[in-house]
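> Would you mind keeping the following structure in view while I ask a few things?
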Amino acid sequence: RAQEFQMRLSGASYEEISRAGGGIVSSMRATRAASDEELVKASLRRLDHLIAEGVTTIEIKSGYGLDLDSEMKSLRVARSLEKQRNIRVLTTFLGAHAMPPEAGGDKDLYISQICEMMLPALVAAGLVDAVDVFCEGIAFSPAQTRRVFDHAKMLGLPVKLHADQLSNLHGAALAAQYHALSADHLEFTDDEGAKALARSGTVAVLLPGAFYMLRETQSPPVASLRKHGAHIAIATDSNPGTSPLTSLLTAMNMAATKIAKHVPDKAGRKGLLGRKVGMTQIFDATGAVVPVTVIEAGPCPVTLVRSPDRDGYAAIQVGFLDKPRRLAARAARGQVAKLDSRRAKRLATA
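So the sequence shown is residues 2 to 351, counted in this note's numbering.
Set out below in structure tokens:
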């Protein structure tokens, strides 16, 4: 979707590109045409960049197939990557990402297909760890989002939400109502939405790559999120159109310079220990201590908890030097035991 970059430089908006046949539907055509082998090959190139920076766990969303066969193909490929690289993959079904052309513009009909056909089949195949929806004027309404979330909950799946990226549809509050794992983007979230995220424990995920590529001017309400004590995370949002980014460290730098605009203070220091993707433990399945690497960036280091085996977990903690150094030293001495969810939460908010 390189041509879309030139369109943006010429002044076209996200909505204009989408309505001109670009955007997600453009990627849908390419995804449907690709074989499993082609998708694996393309995925591994990006995955290797992330692994080189210490990533040991990754969430992969579908949402570029928009029919049962293509969504199943995408999620099947995502699952297969664990067998080819030393990384843990968690999958999210994002069928409610955009409208496929064959739906004829009938969003309610397409949502019915997602709820009654696609989601049950994908769950039965063991391909889904969570469910996401793009809740936006050019995508799906809050009412349609609720339908998908209700079906996901009936199937025992956690939910996530693309929320308030281009307008304030009160997506953050909707995500909080369903105790979503995360609400992503949030550029137009208001103070009440930030407060709702804090109350529910839903992680506010900032995506500076998309903010930068779309040349946005409306920043997420970082001050409001901090004021209410919401959990804040940063992600790459690696995707072909709005954030072709495969560096988590670059995403963190972009968040600091383009969104937060300062080093985290006492109120902003939070490690999430996998909350965004729904994990409650950061050590491997045997309880073994994993190696810890501390990457120092001035007074604000990044702690990457890494595991040498495929069953390991990863965490990122942004803060000042003392706690990450102590954590790294304790891990090196073998003094950090396997964490249960309660201890993990205490450490995450320390």
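Using N, Cα and C, we set each Cβ at its ideal position, and we do this for glycine too.
Predicted, not measured: the structure shown is a model, and the values here were computed from it.
Do residue 242 and residue 5 count as a contact pair if the criterion is CB distance below 8 Å?
The count along the sequence shown starts at 1 and reaches residue 5 at position 4. The count along the sequence shown starts at 1 and reaches residue 242 at position 241. A distance below 8 Å separates the beta carbons of residue 5 and residue 242.
> Let me know the secondary structure DSSP gives residue 217 once reduced to three states.
Within the sequence shown, numbered from 1, the residue matching residue 217 stands at position 216. Residue 217: coil per DSSP, three-state reduction.
> How big is the Cα-Cα spacing for residue 1 and residue 155?
Because the chain in this structure spans residues 2 to 351, residue 1 falls outside the shown range and cannot be described.
> With 16 as the cutoff for other CB atoms within 10 Å, does residue 159 come out buried or exposed?
Here residue 159 is taken as the residue at index 158 of the sequence shown, counted from 1. Label assigned to residue 159: buried.
> Got a sec? Which residues, its chain only, sit under 8 Å from residue 71 by beta carbon, not counting five neighbours each side?
Numbered from 1 along the sequence shown, position 70 holds the residue referred to as residue 71. Within the same chain, residue 71 has close Cβ partners 29, 32, 33, 65.
> Between residue 147 and residue 116, which are expected to be in contact by the criterion C-beta below 8 Å, what is the C-beta distance as a whole number of angstroms?
The residue you call residue 147 lines up with position 146 of the sequence shown. The residue you call residue 116 lines up with position 115 of the sequence shown. That pair is no contact at about 11 Å.
> With DSSP collapsed to three states, give me the class of residue 2.
The residue labelled residue 2 in the question sits at position 1 within the sequence shown. Correct three-state label for residue 2: coil.
> At 4 residues or longer, and completely inside the region 121-178: list those alpha helix (DSSP H) runs for me, N to C.
Fully enclosed alpha helix (DSSP H) runs of 4 or longer: 143-155, 172-178.
> Beta carbon of residue 138: closer than 7 Å to some heavy atom of the ligand GTP?
Among the ligands in the structure shown, none appear at all, so the ligand GTP cannot be discussed.
> Tell me, please, which residues DSSP counts as bridged to residue 60.
The residue you call residue 60 lines up with position 59 of the sequence shown. Partner(s): 91.
> Considering only the alpha carbon of each residue, which of 36, 22, 199, 46 lies closest to residue 246?
Position 245 of the sequence shown holds residue 246. Checked all of 36, 22, 199, 46; the closest Cα to residue 246 is 46.
> List the residues that DSSP assigns as beta-bridge partners of residue 185.
Taking the first residue of the sequence shown as position 1, residue 185 is located at position 184. When DSSP reads this structure, residue 185 sits in a beta bridge with 163, 206.
> Should residue 258 be labelled buried (16 or more other beta-carbon atoms within 10 Å of its own) or exposed?
Counted from its first residue, the sequence shown places residue 258 at position 257. Answer is exposed; the Cβ neighbour count stays below 16.
> Going by DSSP, what residues sit across from residue 244 in a beta bridge?
Counting from one through the sequence shown, the residue named residue 244 turns up at place 243. DSSP, once it has assigned bridges, lists 240 as partnering residue 244.
> Using the rule of at least 16 other Cβ atoms within 10 Å of the residue's Cβ for burial, across every protein chain shown, is residue 216 buried or exposed?
Here the question's residue 216 lines up with position 215 in the sequence shown. Exposed: under 16 other Cβ atoms inside 10 Å.
> Enumerate, from N- to C-terminal direction, the unbroken alpha helix (DSSP H) stretches of 4 or more residues contained entirely within the region 8-72.
DSSP runs (the alpha helix (DSSP H)) wholly in the region 8-72: 15-20, 25-34, 37-53.
> Taking the alpha-carbon positions, what's the residue 145 to residue 7 distance?
Translated into positions along the sequence shown, residue 145 becomes position 144. Translated into positions along the sequence shown, residue 7 becomes position 6. When rounded, the distance between both Cα atoms is 33 Å.
> Alpha carbon to alpha carbon, how far is residue 101 from residue 112? Give it in angstroms, no decimals.
Reading the sequence shown from its first residue, position 111 is the one you call residue 112. Reading the sequence shown from its first residue, position 100 is the one you call residue 101. Here the alpha carbons of residue 101 and residue 112 stand approximately 11 Å from one another.
> Under the rule that 16 or more other beta-carbon atoms within 10 Å means buried, what is residue 118, buried or exposed?
Sequence index remark: in the sequence shown, residue 118 carries index 117 (1-based). So residue 118 counts as exposed.
> By the 10 Å Cβ neighbour count, where 16 or more other Cβ atoms means buried, how is residue 345 classified, buried or exposed?
The residue given as residue 345 occupies position 344 in the sequence shown. Here the model assigns residue 345 a pLDDT of 39, short of 50, so the residue's position is not dependable, and the following value carries that caveat. Counting Cβ neighbours within 10 Å, residue 345 comes out buried, since at least 16 surround it.
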